[in-house]
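Enquirer:
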């Protein structure tokens, strides 16, 4: 169980960091928020993968397609965050 949690944190950090590098501009979020961004992106990427392919590849936790899906999901989540949350922060 602790290994799963550590794996989620590591994959979340990697996916969140790559998403922050891909999306242009300065995102004012901390490292824990980057990890959370990657974890949420992992769920979004997994959900989109299931919608597209209509099945779940139960081949283990670490899969190249799963990590790529996590990064794509994190990019989508960060884009939406910058698009909608950044707008409110700019008005203050």
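Residue numbers (full-length UniProt numbering): 1 to 92.
Every residue gets a Cβ at the ideal spot worked out from N, C-alpha and C, and that includes glycine.
Tell me the residue span of the alpha helix (DSSP H) that contains residue 33.
Expert: Its alpha helix (DSSP H) spans residues 31-53.
Enquirer: Pairing CB atoms from the region 1-13 with CB atoms from the region 47-55, are three or more of them under 8 angstroms?
Expert: No contact exists between the region 1-13 and the region 47-55.
Enquirer: Should residue 78 go down as buried or exposed, given a rule of 16 or more other Cβ atoms within 10 Å for buried?
Expert: Residue 78 is buried by the Cβ-count criterion.
Enquirer: Give the single residue among 6, 32, 66 and 73 whose Cα lies nearest to the Cα of residue 19.
Expert: It is 73 whose Cα lies nearest to the Cα of residue 19.
Enquirer: Quick one: grab the DSSP three-state call for residue 91.
Expert: Confidence in residue 91 is poor, its pLDDT being 49 and thus under 50, which makes the residue's placement unreliable; the coordinate value appears in the next sentence. Reduced to three states, the DSSP call for residue 91 is helix.
Enquirer: The alpha helix (DSSP H) spanning residue 10 covers which residue range?
Expert: 2-22 is the span of the alpha helix (DSSP H), which, as asked, contains residue 10.
Enquirer: If I measure Cβ to Cβ from residue 22 and keep anything under 6 angstroms in the same chain, skipping five residues before and after, which residues do I get?
Expert: Once the five neighbours on either side are set aside, the close Cβ partners of residue 22 are 75.
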